[in-house]
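Asker:
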Amino acid sequence: MSTLAKSANIFWHECPVGKLERQKLLKQKGCVVWITGLSGAGKSTLACSVGRELHNRGNLAYILDGDNLRHGLNKDLGFKPEDRAENIRRVGEVAKLFAEAGLICIACLISPYRRDRDACRALLPDESFIEVFLNMPLEVCEQRDAKGLYKLAREGKIKG
Ligand SMILES: Nc1ncnc2c1ncn2[C@@H]1O[C@H](COP(=O)(O)OS(=O)(=O)O)[C@@H](OP(=O)(O)O)[C@H]1O
Ligand SMILES: Nc1ncnc2c1ncn2[C@@H]1O[C@H](COP(=O)(O)OP(=O)(O)O)[C@@H](O)[C@H]1O
Numbered sequence: 001m002s003t004l005a006k007s008a009n010i011f012w013h014e015c016p017v018g019k020l021e022r023q024k025l026l027k028q029k030g031c032v033v034w035i036t037g038l039s040g041a042g043k044s045t046l047a048c049s050v051g052r053e054l055h056n057r058g059n060l061a062y063i064l065d066g067d068n069l070r071h072g073l074n075k076d077l078g079f080k081p082e083d084r085a086e087n088i089r090r091v092g093e094v095a096k097l098f099a100e101a102g103l104i105c106i107a108c109l110i111s112p113y114r115r116d117r118d119a120c121r122a123l124l125p126d127e128s129f130i131e132v133f134l135n136m137p138l139e140v141c142e143q144r145d146a147k148g149l150y151k152l153a154r155e156g157k158i159k160g
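Going by full-length UniProt numbering, the sequence shown runs without a break in its numbering and finishes at 160.
#1: Quick check on this structure: which residue in A119, K24, C48, G37 has the alpha carbon closest to the alpha carbon of V91?
#2: Let me confirm a value: S49 is counted as buried when at least 16 other C-beta atoms fall within 10 Å, else exposed. Which label applies?
#3: Is D67 a contact residue of ligand 1, with contact defined as CB to any heavy atom under 7 Å?
#4: Going by the C-beta, is I106 closer than 7 Å to any heavy atom of ligand 1?
#5: Looking only at C-alpha atoms, which of E100, R154, I110, G40 sits nearest to G18?
#6: Once DSSP output is grouped into helix, strand and coil, what is the label at Y150?
#7: Cα-Cα, which of G37, F11, N59, E14 is closest to residue 167?
#8: To the nearest angstrom, how far is it from the Cα of residue 173 to the Cα of L97?
#9: Of all residues in the structure, which have a C-beta closer than 5 Å to any heavy atom of ligand 2, taken in chain order?
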């Protein structure tokens with residue numbers, strides 16, 4: 001899928017309330033915490049724990065979970081490398097919007113390719129993108145196999 005811009009004659013419209021004012025209102029700085037790791041590594045679990053803790057502390061956070069987004073925004077995408085790249089590109093753009101809105105955005109996606117994650121990081125100031133690699137061994141993830149995906153993959157029933 002091409003990510004080249006196809007629109008011409010478009011202009012940026014600056015709005016009167018900016019990021020700094022929103023940060024002041026919310027008493028926090030918007031940022032993106034990007035959790036990457038294998039299926040079953042514990043990304044969603046970690047995102048939910050951190051999200052709950054932030055909420056309890058009075059911080060506004062929102063989770064962008066790869067699994068959930070594939071029910072809507074990304075329902076047209078599969079798991080070929082180019083589909084994963086587009087999936088991650090879209091989520092990176094949404095995460096950037098959330099961060100600019102002043103939220104602590106926790107994105108949890110497999111996001112296996114460094115270049116795709118780097119492209120998301122490049123959308124934000126350096127200190128506003130925090131990447132967390134949930135380094136769980138494949139054997140542990142496969143043993144958990146909470147969704148039965150590893151079994152299906154071993155049987156050749158799913159690809160990618
Ligand atoms: N190859 C393949 N076939 C079928 N299903 C798969 C496949 N790969 C991933 N999944 C499931 O999709 C969930 C979301 O994946 P992601 O969007 O995070 O993947 S990616 O970032 O685009 O690589 C992912 O969620 P998690 O298990 O929470 O990681 C899986 O449930
Ligand atoms: N720290 C942990 N220790 C043991 N099991 C865990 C841990 N974190 C998650 N799990 C379990 O592993 C499975 C996969 O977790 P999940 O958060 O859905 O992973 P992912 O989002 O990376 O696919 C779930 O059954 C979950 O309860």
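No residue lacks a Cβ here, since even glycine has one placed at the ideal position from N, Cα and C. All values reported here derive from a predicted model rather than from experimental measurement.
Answerer: From the atom records:
#1: Mapped onto the sequence shown, residue 91 falls at position 91. A check of alpha carbon separations from V91 across A119, K24, C48, G37 identifies A119 as the nearest.
#2: On the sequence shown, residue 49 is found 49 positions in, with the first residue counted as 1. When all chains shown are included, S49 counts as exposed.
#3: As a position in the sequence shown, residue 67 is number 67, starting the count at 1. Because some heavy atom of ligand 1 lies under 7 Å away, the Cβ of D67 counts as near it: yes.
#4: For the purposes of this step, residue 106 is identified with residue 106 of the sequence shown, where counting begins at 1. Checking the Cβ of I106 against ligand 1 gives no.
#5: In the sequence shown, the residue the question calls residue 18 occupies position 18. That would be E100, whose Cα lies nearest to the Cα of G18.
#6: On the sequence shown, position 150 is the one that residue 150 refers to. In the displayed model, Y150 falls within a helix according to three-state DSSP.
#7: Because the chain is modelled from 1 through 160, residue 167 falls outside the range shown and cannot be assessed.
#8: Nothing about residue 173 can be read from this structure; the chain reaches only from 1 to 160.
#9: The answer, residue by residue, is S39, G40, A41, G42, K43, S44, T45, R144, A146.
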